[in-house]
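Chains as they are written, first to last, in the numbering used here: chain Y, 64 to 642; chain H, 574 to 1140.
Below is one structure, written out as structure tokens; comments come after it.
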Amino acid sequence: MSEEDQVDPAKIEVDILQLGLLTVTERAGYWLGSEQYKAAIAIAAKLHNAGLIDVFEQLKSAGEETKPKRVENAFWQLISSSNITGQEYLEHSDALIALGKLDVDGFIPEEPFSRWLESDPLRAEAILVAADSDLDRLILNLHLALQNAALSDPKGALSRVKMSSTSQSDQRRRVVLWALAEMVFRDPLDQQEVFDFLRSVVDQGPVLDKAIALNVIAHRSARDLPNASRQLKDALALGKTSLSADAWASVLVDILWRQHAQLSGDALSFLLSELGRQDLEALNRFEHISHALYGVMQSENWQIGVDFLSSLLIAYPSLSIRSFQTLSHALVASDHLGVIVCDWFADGRHPLCSAAVEMLGERAGGDNPVTVPTQWSAALAPEDRVRLSRRGVGYCLHLPITAASLVLAAMRGSTPAESTSLMRLLVNPLLYCYRGKLRSYLQEAVKIDVELKDVIEMALAAQDSFYSGLESAKFLSELAPSETQRVIANDFRREAENEIRESARAASPLLYLFSQSRILFGDATVSYFPKAPGSEDLARSTLQMQTYGYEYEIPRMDCWDPIGVQMQVYLLRTEPDDR
Amino acid sequence: MKLELKIFLAALRERRELDAVLPDLLSAMNYDVISKPGVGVGQFGVDIAAVGTDDDGIRKLFLFVVKEGNLNRNNWQGDPTRVYESVNDVLNFYIGACVPAEHGHLPVMICICLGGEVEQTVGPRVAGFTKRNSNDKVSIAVWDGDRLAGLITRYLLREELLPRAEQNHFRKSLAMVDTSETSIRYFRSLVDGMFAKPVSQPKHYEKILSRLNVCLQVLFVWGRDAGNLDAPYLAAEYALLRSWDAASPWTGKKKAGTAAVIAAHKRLQRTARGVFGAYVEKLSPSFGHLFALSALVPSHEYVDINLKLFDVLGRVANYGSWLFQSVMDEGLSESEIEDISDQIITTRDALANIIANNPGLHSPFLDSQTIDVVLTCLFLHAQGGDDALRQWLPDMVSRYVFAYRMNNRYPIYNDNYRSLITHPRARTDEYRSKQTDASSLLPSIAGWLAILQENDALSEFAAFARSELQHCNFQFWLPQLSSETFLFTNKGNTGGRTLHSLPIAAEGPEPINLLQTELNTGDDFAQISAMRHEMPALIFTACRHFRIPVPPQFWSDLWEAPPKASM
Chain Y
64 MSEEDQVDPA KIEVDILQLG LLTVTERAGY WLGSEQYKAA IAIAAKLHNA
114 GLIDVFEQLK SAGEETKPKR VENAFWQLIS SSNITGQEYL EHSDALIALG
164 KLDVDGFIPE EPFSRWLESD PLRAEAILVA ADSDLDRLIL NLHLALQNAA
214 LSDPKGALSR VKMSSTSQSD QRRRVVLWAL AEMVFRDPLD QQEVFDFLRS
264 VVDQGPVLDK AIALNVIAHR SARDLPNASR QLKDALALGK TSLSADAWAS
314 VLVDILWRQH AQLSGDALSF LLSELGRQDL EALNRFEHIS HALYGVMQSE
364 NWQIGVDFLS SLLIAYPSLS IRSFQTLSHA LVASDHLGVI VCDWFADGRH
414 PLCSAAVEML GERAGGDNPV TVPTQWSAAL APEDRVRLSR RGVGYCLHLP
464 ITAASLVLAA MRGSTPAEST SLMRLLVNPL LYCYRGKLRS YLQEAVKIDV
514 ELKDVIEMAL AAQDSFYSGL ESAKFLSELA PSETQRVIAN DFRREAENEI
564 RESARAASPL LYLFSQSRIL FGDATVSYFP KAPGSEDLAR STLQMQTYGY
614 EYEIPRMDCW DPIGVQMQVY LLRTEPDDR
Chain H
574 MKLELKIFLA ALRERRELDA VLPDLLSAMN YDVISKPGVG VGQFGVDIAA
624 VGTDDDGIRK LFLFVVKEGN LNRNNWQGDP TRVYESVNDV LNFYIGACVP
674 AEHGHLPVMI CICLGGEVEQ TVGPRVAGFT KRNSNDKVSI AVWDGDRLAG
724 LITRYLLREE LLPRAEQNHF RKSLAMVDTS ETSIRYFRSL VDGMFAKPVS
774 QPKHYEKILS RLNVCLQVLF VWGRDAGNLD APYLAAEYAL LRSWDAASPW
824 TGKKKAGTAA VIAAHKRLQR TARGVFGAYV EKLSPSFGHL FALSALVPSH
874 EYVDINLKLF DVLGRVANYG SWLFQSVMDE GLSESEIEDI SDQIITTRDA
924 LANIIANNPG LHSPFLDSQT IDVVLTCLFL HAQGGDDALR QWLPDMVSRY
974 VFAYRMNNRY PIYNDNYRSL ITHPRARTDE YRSKQTDASS LLPSIAGWLA
1024 ILQENDALSE FAAFARSELQ HCNFQFWLPQ LSSETFLFTN KGNTGGRTLH
1074 SLPIAAEGPE PINLLQTELN TGDDFAQISA MRHEMPALIF TACRHFRIPV
1124 PPQFWSDLWE APPKASM
């Protein structure tokens, strides 16, 4: 908070006493949610609790010039720190709704409402009683009241849930079932009772209730049940038999999406294996799955999530890693990236390898080594080493350092014969195609990777030999393309560049924001302009121009033999195919 | 012109260059050349001997001692190959023992013939030596580069013989030798000018060829000095072809003068072969290293590299075919035959290396590259290089299939450069079908696979053709006698006929049966002048230079129908 924004509580208090909360916050122009606004609300609540003002009356009597949203916001902010009873809350909210200053559909922000409920069990009771009398606008927040009621009277709260679960109102039933997810039952008997109740809903309830009940079971199981996985599996098995295939698939996605953080590894595996059997393309819920997997990736169960993602990429050719955008961004930044891409290249199937290379290409900093723990490399089977190296090079030829690091990862822990065989991939195509940064990377790797020192040095020697062969013949004028060919090629290149430049200009939003002027020569500009309109006093303006460039190394063999390189890449990507 | 010639003469090497120019010059001076340079033959210091009338009007026996470059302390005296020792050999042995009896009565003029000049460091010694050893019977003179240039200008390239316009073409051709496209354009104009009027007499033809030979040598030496033999190579090819066409009055049917005309052309062939050999030798250090030749093409455009690789391949194969043809020439010494045979082996190995080390050659980009492929196949097959072909052609098929299926950089018949650098313009089936609806490349590869009995590759190709190249018209151009003029000038009607719709995909004897049936139907290809005179290399050069398909008549006999069991 800047000095100007400093709050003077005494002054605000006086102002509120004199002018009222809304006038003070509006006149001062406080943003909703700002520190000053919150401070003003707290002071108003304190004054209200002390009986010095009736802040809720102030809200009700707000003039036309005060926007309803402002009143509504103040109401919810005040609720959490005021001392009003349940009955008072209901009266104030009814009045504000009647005045059109509160949302009639009963949107209640959970956080302040929950805080208000927490501080007095009687408040929850009041809300529940009001809700029992079918006060519709309270239904959406019934779960908060139930959760709070359960803290003081778990059995009573549970019996209310059971009672509401027979309601004719779908909404009411669903809200109370969802409320069970967060209701705390410390007594194991109560916990079992909840579980049995939910099972009975899964068994006999309406379809939507079954879905919610399964979600709640999944949510509660890890917390409450000693053998959570088994009970969850039983419940899921029951759900599977009592739901249509579509509904069942949908429920599984819901559970994954909502409950992934609550599930044990075992339960998650079971759920994902069930989910894997569904026609997810028809279900079209990949966005939810992506969000859920994103959550899984942050947990200790990340490997289970990766396995499921892998199975999805393989099973649905229409999917790519781009279909899981949030997830892929998380994976790219994750510490597990190395192991994931190496696993996928070692697996060797195209959808996984293309997903791997896409993620590697999105890393900040571009072409960088992929790192995997040595023990991971050591556990690789010989055929996996071959596949990892071949796919790594085949898919990452445009990222030579990445590709080389994949080959090195495959070499670690391998036999000398295997290493020598894999080294050939380092040489051709990688070291034949690239000299610059790749060579520097390998020269550094020699110093660090003692185990691979010999084999890397052999590869570098092979590169030296290759390039000394290339350089054995000097420039030959005879091989230069003809002048005509050069002119045509240059014209063509210029045309293509112009086209790209024009389309880039056309697509650039900056052109609409700034005026342009063309500078014909030089790398700095100077100009003079009047300091004020009509003034003869000139100001001098200088501008140092900047150069922006992007440098990359073209794989040299692609120029000499593009079909050969394409074929090589194709074979590296497809062979050996032992599936 | 004299200045250009002096530069040329100064850069000539002794063996096969300076001593190759002299006979033409002497003939033009109406001297009778009685002894020409030979390799490894002891001549007691004499490189060339001729009889003619000197400037003083006296008929003399001229004995030439030829040395490249300037005469200086290094090559004047010191060992048996130096000028001093060579002239002494002439004085002491040749004049006494080797002068033919019919010329024994003639005064002798020993000419120390130099491409450059006598340097001051040895000038007094040379003057003293010549004065001391000259008498009524024998005299010694120095013909240095200046004198030779004067003689060439006077007897070979004077305006009556080489009009001003042609001299200008020649000068421009020399000046632009490093820009081969321009240089060859002027050289062609020069050659066309020389043969603009029909040649009426064999003598006339011989004189023109002498001039042409000297012009070609001058261009070659200039190119060598400039470090670019591209234009000389092309000039040599054009000179061979255009001069052969001009010889048609004597080459069509054997008649008086035919032998002289053929002999004159063979002299030009020797020069051309020297140019071809120098070109190949210059490039050869790159042949043995993986990608070295490809990497030397100074371009990032794959098209440029591909075009140049096939161009080089065709040129080396063309050189090989000239070597192979020349080894059959009459009158060669044993050492010359051995020398040429060695060069044939070197050229064969060079071709095999080029193919193995430049994988870009496994992916032709143009249908007309069939010419270079077939020339290479013909030479390698004839020289026992089938192993290289077995590595090359099946891979070419695999790559063709791959490129076609990837819809990228498959060979097309449109050789317009702009089309090539933008190929493929579209990656659609429709575009691809249009670009591949005719091919001479594929039936040629199929034919050579059959010759090599590479049956697996042939089956792969046939299956591919059946499934994906139904739209392609496989064809061969079969030239006939009516193609004679077109072959050597690239002008007029092509003549011959095109056998098309070859059933290559049939994987059986049909294509070869059809081809042989057609070739047995009144084919008079063997009557083409170059074939009658056993100079197939001329036709190969014509095909390479003018980008004309290589007649399948050269290899159809090798292509046998597969045995029935394998059909």
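Cβ atoms here follow ideal geometry from the backbone N, Cα and C, with glycine treated the same way.
Query raised in the report: Sorted by chain position, which residues of the same chain lie with C-beta nearer than 6 Å to Q607/Y's C-beta, five sequence neighbours on each side aside?
Result: Residue 607/Y sits at position 544 when you count from the first residue of the first sequence. Correct list, in chain order: A587.
Query - Burial state of I582/Y (16 or more Cβ within 10 Å) - result: Start at 1 with the first residue of the first sequence, and residue 582/Y comes out as number 519. Flag for I582/Y reads exposed.
Query raised in the report: Closest by CA to V449/Y, which one among M474/Y, Y495/Y, I79/Y and S336/Y?
Result: Position 386 of the first sequence, counted from the start, is the residue given in the question as residue 449/Y. With distances taken between Cα atoms, V449/Y lies closest to M474/Y.
Query - Integer Cβ distance of A543/Y from I994/H, believed to fall under 8 Å - result: Taking the first residue of the first sequence as position 1, residue 543/Y is located at position 480. Taking the first residue of the second sequence as position 1, residue 994/H is located at position 421. The pair is not a contact, with the Cβ atoms about 16 Å apart (cut-off 8 Å).
Requested in this report: Using a Cβ cut-off of 9 Å, pull out every chain Y residue sitting near E854/H, in sequence order please.
Outcome: What you label residue 854/H is simply residue 281 of the second sequence in a count that begins at 1. Ordered by position in chain Y, no residue passes the 9 Å Cβ test against E854/H, which lies about 12 Å from the chain.
Query raised in the report: Using a beta-carbon distance below 7 Å, is P1097/H in contact with chain Y?
Result: Residue numbering aside, residue 1097/H sits at position 524 when the second sequence is read from its first letter. The displayed chain sequence assigns Asp, not Pro, to residue 1097/H. Not an interface residue.
Query - Rounded C-alpha distance that separates N648/H from P805/H - result: Sequence index remark: in the second sequence, residue 648/H carries index 75 (1-based). Sequence index remark: in the second sequence, residue 805/H carries index 232 (1-based). Going from the Cα of N648/H to the Cα of P805/H covers about 30 Å.
Query raised in the report: How do the segment 843–855 of chain H and the segment 1092–1107 of chain H stand: do at least 3 beta-carbon pairs fall below 8 Å, yes or no?
Result: no
Requested in this report: Quick one: grab the DSSP three-state call for P1109/H.
Outcome: Taking the second sequence and counting its residues from 1, the one referred to as residue 1109/H is at position 536. Helix, per DSSP.
**Report entry** C-beta neighbour in chain H for G532/Y, strict 7 Å
**Finding:** In the first sequence, the residue the question calls residue 532/Y occupies position 469. Output row for G532/Y: interface = yes.
Requested in this report: To the nearest angstrom, report how far apart K1064/H and I835/H are at their CA atoms.
Outcome: By 1-based counting over the second sequence, the position of residue 1064/H is 491. By 1-based counting over the second sequence, the position of residue 835/H is 262. C-alpha separation (whole angstroms): 23 Å.
Requested in this report: Measure how close the beta-carbons of A1035/H and A999/H come, nearest whole angstrom, since I'm counting them as under 8 Å.
Outcome: To locate residue 1035/H, count along the second sequence from 1; it is residue 462. To locate residue 999/H, count along the second sequence from 1; it is residue 426. About 28 Å; that fails the 8 Å criterion.
Requested in this report: Could you say which of A324/Y, W320/Y, Y615/Y and V134/Y lies nearest to L460/Y if we only look at CA atoms?
Outcome: Locating residue 460/Y in the first sequence gives position 397, counting from the first residue. Of the listed residues, the one whose Cα sits closest to L460/Y is Y615/Y.
Query raised in the report: Can you round the beta-carbon distance between A808/H and I757/H to whole angstroms, since I take them to be within the 8 Å contact cut?
Result: Taking the first residue of the second sequence as 1, we reach residue 808/H at position 235. Taking the first residue of the second sequence as 1, we reach residue 757/H at position 184. Their Cβ separation, rounded to whole angstroms, is 6 Å, which keeps A808/H and I757/H in contact under 8 Å.
Query raised in the report: In chain order, what residues of the same chain have a beta carbon less than 7 Å from the beta carbon of V509/Y, not counting five sequence neighbours either side?
Result: For the purposes of this step, residue 509/Y is taken as the residue at position 446 of the first sequence. Around V509/Y: K516, I519 and E520.
Requested in this report: List the residues of chain Y whose Cβ lies closer than 7 Å to the Cβ of M979/H, in chain order.
Outcome: Taking the second sequence and counting its residues from 1, one reaches residue 979/H at position 406. Within chain Y, the residues near M979/H are Q629.
Query raised in the report: Under a Cβ-count criterion, where at least 16 other Cβ atoms within 10 Å of its own Cβ denotes burial, should T920/H be classed as buried or exposed?
Result: Working through the second sequence from its first residue, we reach residue 920/H at position 347. Under this definition T920/H is a buried residue.
Query - Delimiting residues of the beta strand (DSSP E) encompassing R1070/H - result: Along the second sequence, one-based indexing puts residue 1070/H at 497. R1070 to L1072 is the span of the beta strand (DSSP E), which, as asked, contains R1070/H.
Report task. Run the CB neighbour count on W94/Y, radius 10 Å, all protein chains shown included, and call it buried at 16 or more, exposed below. Result -> Counted from its first residue, the first sequence places residue 94/Y at position 31. Counting Cβ neighbours within 10 Å, W94/Y comes out exposed, since fewer than 16 surround it.
Query raised in the report: Can you check whether the CB of F349/Y is closer than 7 Å to the CB of S383/Y?
Result: On the first sequence, residue 383/Y is found 320 positions in, with the first residue counted as 1. On the first sequence, residue 349/Y is found 286 positions in, with the first residue counted as 1. Contact: no.
Query raised in the report: What residue does the alpha helix (DSSP H) around F702/H start on, and which one ends it?
Result: Here residue 702/H refers to the residue found at position 129 when the second sequence is read from its first residue. Counting along the chain, the alpha helix (DSSP H) containing F702/H begins and ends at G696 to N706.
Query raised in the report: How would you list, in chain order, the residues of chain H whose beta-carbon sits under 8 Å from the beta-carbon of F9/Y?
Result: Not covered by the structure: residue 9/Y. The range shown for chain Y is 64 to 642.
**Report entry** Below-7 Å beta-carbon distance, H873/H vs any chain Y residue
**Finding:** As a position in the second sequence, residue 873/H is number 300, starting the count at 1. Closer than 7 Å: yes.
Query raised in the report: From T703/H, S707/H, L634/H and P1016/H, pick the residue whose C-alpha is nearest to that of C671/H; which is it?
Result: Here residue 671/H corresponds to residue number 98 of the second sequence, with the count starting at 1. The candidate whose alpha carbon is nearest that of C671/H is L634/H.
Report task. Pick out whichever of K500/Y, T547/Y, L494/Y and K537/Y has its Cα sitting closest to the Cα of S528/Y. Result -> In the first sequence, the residue the question calls residue 528/Y occupies position 465. The residue with the shortest Cα to Cα distance from S528/Y is L494/Y.
Report task. Give me the Cα-Cα distance between R843/H and T637/Y, rounded to the nearest whole angstrom. Result -> The residue you call residue 843/H lines up with position 270 of the second sequence. The residue you call residue 637/Y lines up with position 574 of the first sequence. Straight-line Cα distance between these residues: approximately 54 Å.
Query raised in the report: So which residues on chain Y does F864/H lean against when the C-beta distance must stay under 9 Å?
Result: Counted from its first residue, the second sequence places residue 864/H at position 291. Residues of chain Y passing the Cβ test: Y495, F529, G532, L533, R619, M620, W623 and D624.
Query - Collapsed DSSP secondary structure at L578/H in the structure displayed - result: Looking up residue 578/H in the second sequence gives position 5. It is helical.
**Report entry** Secondary structure of F635/H, DSSP reduced to three states
**Finding:** Position 62 of the second sequence, counted from the first residue, corresponds to residue 635/H. Looking at F635/H - three-state DSSP - the assignment turns out to be strand.
Report task. Take E425/Y and list the residues in its own chain whose beta-carbon comes closer than 7 Å to its own, dropping the five residues that flank it on each side. Result -> The sequence position of residue 425/Y within the first sequence is 362, counting from 1. Around E425/Y: V395.
Query raised in the report: Does the distance from the C-beta atom of A837/H to that of I626/Y stay below 7 Å?
Result: Taking the second sequence and counting its residues from 1, one reaches residue 837/H at position 264. Taking the first sequence and counting its residues from 1, one reaches residue 626/Y at position 563. No, Cβ-Cβ distance for A837/H and I626/Y is not below 7 Å.
**Report entry** Limits of the unbroken beta strand (DSSP E) element including I384/Y
**Finding:** Locating residue 384/Y in the first sequence gives position 321, where the first residue counts as 1. Careful: I384/Y lies outside any beta strand (DSSP E) and carries neither H nor E.
Query raised in the report: Considering only residues of the same chain and omitting the five flanking positions on each side of A187/Y, which have a CB-CB separation below 6 Å?
Result: Translated into the one-based positions of the first sequence, residue 187/Y becomes position 124. If we look at A187/Y and ignore the five residues flanking it on each side, its Cβ neighbours are L180, A208, N211 and A212.
Query raised in the report: Does any C-beta atom of chain Y lie closer than 7 Å to the C-beta of D652/H?
Result: By 1-based counting over the second sequence, the position of residue 652/H is 79. With 7 Å as the cut-off, D652/H does not count as an interface residue toward chain Y.
Query raised in the report: Name the residues in the segment 791–819 of chain H whose C-beta lies less than 7 Å from a C-beta of chain Y; which are they?
Result: G800, N801, L802 and D803
Query raised in the report: Measuring CB to CB, does S531/Y end up less than 7 Å from G476/Y?
Result: On the first sequence, residue 531/Y is found 468 positions in, with the first residue counted as 1. On the first sequence, residue 476/Y is found 413 positions in, with the first residue counted as 1. Against a cut-off of 7 Å, the Cβ pair of G476/Y and S531/Y comes out as no contact.
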